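Residue numbering for the sequence shown follows full-length UniProt numbering, starting at 1 and increasing by one per position. Every residue gets a Cβ at the ideal spot worked out from N, C-alpha and C, and that includes glycine. Predicted model, so just to flag it, every value in this text is computed and none were measured. This report refers to the structure that appears directly beneath it.
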Amino acid sequence: MMPVKHYGKKKDPPQKKMHAAVKPGSVLVFDNGGDTQAAIFGEMSCTMARAHGCVGVVNNGFTRDCQYILKMENFPYYTRGTTPNAYGGWRVVAVNEPIYLPGHLTHYVIVNPGDFIFGDDDGLQIIPEPYVDSVLLKAEEILSFENQERKMIADGLPIEEVYKKFGDL
């Protein structure tokens with residue numbers, strides 16, 4: 001077997017560029033163009049990203065090593081599905097550029113670098129950076145209102161009274 005010769009300066013692989021872009025507090029968000037053949041992220045990649053300050057992953061593709069990823073404390077991971085296949089020709093073509101993810105109220109949602117991502121077991125909310133403060137204030141207002149409803153229901157207020165006071169739940 002002959003050694004591979006590189007002429008000129010060797011470029012860093014795109015995956016290295018992706019991991020180098022991770023800043024403390026960031027969430028990695030992937031658009032894989034709909035490929036379901038290969039897992040584009042796994043436990044080792046999560047470990048590396050987390051070591052550089054990444055706080056979670058949104059993978060609009062497939063994942064492998066889920067049993068290990070799920071054991072990582074305080075590291076939320078959202079994915080379209082799982083596969084054991086780590087190979088399939090995927091490659092990083094851009095880093096820190098806007099991408100499109102499937103949406104709920106609209107067909108697609110644009111995710112820009114710097115946007116805030118909030119998620120729970122029901123899904124994700126992408127909030128453009130300029131709107132984060134106003135969205136959080138409104139969410140706190142809604143939570144306060146819902147906490148009042150929740151307490152009155154738990155205290156046994158008749159449902160007719162709950163609807164009369166609060167409208168639709």
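How many whole angstroms separate the CB atoms of residue 60 and residue 96, which I take to be in contact at a CB cut-off of 8 Å? On the sequence shown, position 60 is the one that residue 60 refers to. On the sequence shown, position 96 is the one that residue 96 refers to. In fact, because the Cβ distance is near 16 Å, the residues do not count as touching under 8 Å.
If you reduce the DSSP assignment to three classes, tell me which class residue 137 lands in. Working through the sequence shown from its first residue, we reach residue 137 at position 137. DSSP places residue 137 in helix when its eight states are reduced to three.
Within its chain, find whatever has a CB closer than 8 Å to the CB of residue 82; leave out the 5 residues flanking it on each side and keep chain order. For this step, residue 82 is matched to residue 82 along the sequence shown. Excluding sequence neighbours, residue 82 sits near 39, 62, 63, 64 and 66.
Residue 57: buried (16+ other C-beta within 10 angstroms of its C-beta) or exposed? For the purposes of this step, residue 57 is taken as residue 57 along the sequence shown, with counting starting at 1. Residue 57 should be labelled buried.
Where the alpha helix (DSSP H) through residue 57 begins and ends: Position 57 of the sequence shown, counted from the start, is the residue given in the question as residue 57. Unbroken run through residue 57 is the beta strand (DSSP E), 56-63; no alpha helix (DSSP H).
If we ignore side chains and look at the alpha-carbon of each, how far apart do residue 103 and residue 109 end up? Against the sequence shown, residue 103 aligns to sequence position 103. Against the sequence shown, residue 109 aligns to sequence position 109. Those two C-alpha atoms are separated by around 5 Å.
Give a yes or no on whether the C-beta atoms belonging to residue 116 and residue 92 are separated by under 8 Å. For the purposes of this step, residue 116 is taken as residue 116 along the sequence shown, with counting starting at 1. For the purposes of this step, residue 92 is taken as residue 92 along the sequence shown, with counting starting at 1. No. Outside cutoff.
When burial is assigned at 16 or more other CB atoms within 10 Å of the CB, is residue 69 buried or exposed? One-based indexing of the sequence shown puts residue 69 at position 69. Classification for residue 69: buried.
CA-to-CA distance, residue 77 to residue 126, given in whole angstroms: On the sequence shown, position 126 is the one that residue 126 refers to. On the sequence shown, position 77 is the one that residue 77 refers to. Computed Cα separation, rounded: 15 Å.
Less than 8 Å between the beta carbons of residue 166 and residue 149, yes or no? Sequence index remark: in the sequence shown, residue 166 carries index 166 (1-based). Sequence index remark: in the sequence shown, residue 149 carries index 149 (1-based). Yes, Cβ-Cβ distance for residue 166 and residue 149 is below 8 Å.
On the DSSP letters alone, give me the boundaries of the beta strand (DSSP E) that residue 39 sits inside. To locate residue 39, count along the sequence shown from 1; it is residue 39. Element bounds for residue 39: 39-41.
Just how far apart, CA to CA, sit residue 154 and residue 162? Mapped onto the sequence shown, residue 154 falls at position 154. Mapped onto the sequence shown, residue 162 falls at position 162. Their Cα atoms are separated by approximately 11 Å.
Tell whether a beta-carbon distance below 8 Å holds between residue 29 and residue 49. Counting from one through the sequence shown, the residue named residue 29 turns up at place 29. Counting from one through the sequence shown, the residue named residue 49 turns up at place 49. In this structure, residue 49 does not lie closer than 8 Å to residue 29 by Cβ.
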